[in-house]
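Following: one structure in structure tokens, then a few remarks.
This is the structure:
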């Protein structure tokens, strides 16, 4: 029954992904089967938390966005974390979840949260995961919403993973069987520039300014973001405190620095408009520790450094490559308040409204400080403009349109592969897409971005695991 429902879901969202009609039937069935497993996980989770309040697909964004941003806790924009349950929230780092440094054959990449999950066995220690493994691991470790984990993993499979196996790499290229080549890019997150990873990262350098490497932590950038948490210069950093508003303000500074130093700076894809700012928010919402005293969570310097694989004190920080850890005596967000897909768009939207200069679409044109913007109305066929972008569900609709329109550009493959990719992805986005009321947005012409060399810049991963 669930299998057939997943197939129906594909038809339901077909208007958003019109190439589904010509997709490979085997891919459709595999996507439906994988989606049905996710449905089973969601239903089991809901059964255990039957009294959990239901979140809206999208949220009304506030008029006083800056005030809301400054008041937001480390638990997200919707369901508050009002109580602390040690048994529910404690995260084990012993036994099967004990820390182990990655071996030479194990892949690690640009996301400290994923690296830490793999180093503790919440994700496969190999660094290559299926959608189901991602959903279960990220839910158990971080209480990441099942819809969010499934959507992020499915997008990674489509854009930078192996569509045939339904797997993706948290770092560099996956190893493939020469007799059965990878169907897809297969470069992994480390080399997903503009498709998943983008300029303006919280801790990584822009790819173009670092010879294609946007996956190694920059101590200089970490020093800067660490400093926004206070003046505790001790090695422990217990008195540092980080909030989502501090990170939103930091994002604006990082953008300004990229424009001034990266002639290929670009922002206009789903990755840079949604994923990059969301990554700042993920640090707060997934890495904060929770306690009886701080049920909504707090992030101090100690926990921040542990998750980012950094040791030492300000001015003497050392990045320990691939050594990201889940801290001992760490408690995740409560099961009653998962961070879901709707929260992502609410948080990113609040950030753009609170700090409007961060909503940039365009890029530098080959020299530093040459940023040229592209109008939202041009991208949406005149349907939306900057004033309407945050009305109702418009921002989420706009973001998904960017995602859909970008797939052919990033895959660079024959039409059949694009059909397969969009068909595979569709059911994993349906939990949110099906609840949105979207205007009919026109297809935008990729030539709008032709003046931006950063849009075309796509470094290729080496035959290494990091």
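Residue numbers (mature numbering (1 follows the signal peptide of the UniProt record, and there is no 0)): -16 to -1, 1 to 450.
Virtual Cβ for every residue (Gly too), placed ideally from N, Cα, C.
Since we're looking at a predicted model, the values are computed, not measured.
Is the beta carbon of residue i less than 7 Å from the beta carbon of residue j?
i           : j           : result
residue 53  : residue 268 : no
residue 158 : residue 112 : yes
residue 127 : residue 308 : no
residue 250 : residue 387 : no
residue 433 : residue 252 : yes
residue 272 : residue 282 : yes
residue 241 : residue 94  : no
residue 381 : residue 413 : no
residue 108 : residue 117 : yes
residue 425 : residue 358 : no
residue 383 : residue 258 : yes
Between residue i and residue j, what straight-line distance do the alpha-carbon atoms span, to the nearest angstrom?
i           : j           : result
residue 320 : residue 355 : 43 Å
residue 379 : residue 344 : 14 Å
residue 243 : residue 71  : 47 Å
residue 304 : residue 85  : 10 Å
residue 121 : residue 129 : 11 Å
residue 290 : residue 189 : 20 Å
residue 7   : residue 67  : At residue 7, the pLDDT of 48 sits below 50, so the modelled position is not reliable; the number obtained from the coordinates is stated separately. Cα to Cα, residue 7 sits roughly 48 Å from residue 67.
residue 56  : residue 82  : 33 Å
residue 401 : residue 385 : 19 Å
residue 60  : residue 306 : 28 Å
residue 442 : residue 429 : 19 Å
residue 212 : residue 276 : 25 Å
residue 300 : residue 219 : 9 Å
residue 134 : residue 407 : 15 Å
residue 416 : residue 422 : 12 Å
residue 196 : residue 144 : 16 Å
residue 372 : residue 361 : 10 Å
residue 163 : residue 114 : With a pLDDT of only 46 at residue 163, under 50, the local geometry of the prediction cannot be trusted, and the value read off the model is given with reservation. The straight-line gap from Cα to Cα measures roughly 21 Å.
residue 393 : residue 292 : 32 Å
residue 234 : residue 209 : 7 Å
residue 438 : residue 256 : 12 Å
residue 155 : residue 101 : 13 Å
residue 42  : residue 327 : Summary for residue 42: the model assigns pLDDT 49, below 50, so the residue's position carries little reliability; its value from the coordinates is reported in the next sentence. Cα to Cα, residue 42 sits roughly 8 Å from residue 327.
residue 5   : residue 411 : With a pLDDT of 45 at residue 5, under the threshold of 50, the modelled position of that residue is not reliable, and the figure given next carries that caveat. Their Cα atoms are separated by approximately 14 Å.
residue 297 : residue 204 : 13 Å
Decide if residue i is buried, meaning its Cβ has at least 16 other Cβ atoms within 10 Å, or exposed.
i           : result
residue 2   : Here the model assigns residue 2 a pLDDT of 39, short of 50, so the residue's position is not dependable, and the following value carries that caveat. Exposed, because fewer than 16 other Cβ atoms sit within 10 Å of the Cβ of residue 2.
residue 230 : buried
residue 74  : exposed
residue 222 : exposed
residue 404 : buried
residue 302 : exposed
residue 181 : buried
residue 178 : buried
residue 87  : exposed
residue 89  : exposed
residue 131 : buried
Contact defined as beta carbons within less than 8 Å: I believe residue i pairs with residue j. What is the distance between those atoms, to the nearest angstrom?
i           : j           : result
residue 138 : residue 395 : With a Cβ gap of about 14 Å, residue 138 and residue 395 do not count as contacting.
residue 348 : residue 279 : In fact, because the Cβ distance is near 44 Å, the residues do not count as touching under 8 Å.
residue 270 : residue 97  : 6 Å
residue 236 : residue 339 : 5 Å
residue 187 : residue 201 : 5 Å
residue 228 : residue 331 : 7 Å
residue 65  : residue 318 : 6 Å
residue 125 : residue 153 : Actually they are not in contact, since the Cβ atoms of residue 125 and residue 153 sit about 19 Å apart, beyond 8 Å.
Just grab the DSSP bridge partners of residue i for me.
i           : result
residue 250 : 347
residue 114 : 151
residue 146 : 151
residue 357 : 346
residue 294 : 303
residue 282 : 273
Just to confirm, does residue i get its C-beta within under 6 Å of one of the non-hydrogen atoms of the ligand MG?
i           : result
residue 321 : Although the ligand MG was asked about, the structure shown includes no ligands whatsoever.
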